[in-house]
Each structure stands twice: as C-alpha cells, then as structure tokens.
Amino acid sequence: MKTIKLYDPETDNTYILEVNEEEAERANDDGFRWPHEAVLLLLEVFKERETKLTSGKMSVKKFWDMVASVLREKDYNVTGSQCKSKMTGLKNTYKSVKDHNAKSGNNKRTWRYFDVNIMNKLYMKRLFFY
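Quick look at the structure:
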C-alpha cells in the first residue's frame, strides 16, 4: 500500500489516504508539471536507452519505468506512464508542427522542442510508436 497526502486549503486539513499501487500512480499522473529541464532529460534518457526498447529485450512498461527511475534520481517525481504520456504528447506536437510547416502557404510555426536534434532523430527513426 502507498499513502497519498491531500491538503484542503478551505479547511486547512491534511488527509492521508492508503491506496494500492495503481491508484497511487494514477494520482501522480495528474500532479506533475514538466519543467523544460525535465523534458530535455526525458529526451536524452530516451535517446541513450532506446536500443533496450527497440531490441525487444525489454517490455515497453519496464522501459518507461526505467526512464522514470533515471528522472527520479534527478528529483523529478514521475512514473513510467507519465514519461510515456509526455513522449506521446511531444511526438504529436512535433508531427503537428512539421506537417503544418510542410504545407505551402502556411506561416511557419515554431515550438520549443521542434529544433531539438533528438526530436528530429526520433522522428526519422520512427521511434514514436512506443
């Protein structure tokens, strides 16, 4: 069992709940905001360890849990599912910007991570399906 602390600012009460692992992970999924440095670290860790995933020697879940553990070592409290979800969001935004910019007559869109070399390499390798 895991414990989750909830704070109610209206009553100034803190509640402690005991939940199972799945419920704790789901609660964590809603609570983390990705700072720029954490996104760059996520991309770097993915790039460094992608062969573990593409070789088929590691399950997708174990891969993302491993990525999350590296981020937690740097004090980013994330789960494997959060890392996978963030990567999916990055991929979708990258593809959207790339497609938009490829259309004739469109104004050029920019995005903070669009020109990050890692994103370009991942897109070219088609590693976004994980």
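Note that the numbering used here numbers the sequence shown so that position 37 is 37, with each residue one more than the last.
Using N, Cα and C, we set each Cβ at its ideal position, and we do this for glycine too.
Note that the structure is a prediction, hence the values are computed from the model and not measured.
Quiz prompt | residue 60, buried or exposed, once every other Cβ within 10 Å from all chains shown has been counted against 16 | solution = As a working mapping, residue 60 is identified with position 60 in the sequence shown. Exposed: under 16 other Cβ atoms inside 10 Å.
Practice problem: Would you mind stating whether residue 77 and residue 32 have Cβ atoms separated by less than 8 Å? | Solution: In the sequence shown, residue 77 corresponds to position 77, counting from 1. In the sequence shown, residue 32 corresponds to position 32, counting from 1. The answer is yes: Cβ separation under 8 Å.
Quiz prompt | Three-state secondary structure (DSSP) of residue 111 | solution = Looking up residue 111 in the sequence shown gives position 111. Looking at residue 111 - three-state DSSP - the assignment turns out to be coil, as it is neither helix nor strand.
Self-check item: DSSP state of residue 72 mapped onto helix, strand, coil
Solution: Translated into the one-based positions of the sequence shown, residue 72 becomes position 72. In the structure shown, residue 72 sits in a helix (DSSP, three-state: H, G or I).
Self-check item: Spatial distance of residue 66 from residue 105 (CA atoms)
Solution: On the sequence shown, residue 66 is found 66 positions in, with the first residue counted as 1. On the sequence shown, residue 105 is found 105 positions in, with the first residue counted as 1. C-alpha separation (whole angstroms): 43 Å.
Quiz item: So residue 64 and residue 93 are in contact, right, with Cβ under 8 Å, and what is the actual spacing, rounded?
Solution: Taking the first residue of the sequence shown as 1, we reach residue 64 at position 64. Taking the first residue of the sequence shown as 1, we reach residue 93 at position 93. So it is not a contact: roughly 19 Å between Cβ atoms.
Practice problem: Within 10 angstroms of the Cβ of residue 79, are there 16 or more other Cβ atoms? Answer buried if so, exposed if not. | Solution: Looking up residue 79 in the sequence shown gives position 79. Buried, by the Cβ-count rule.
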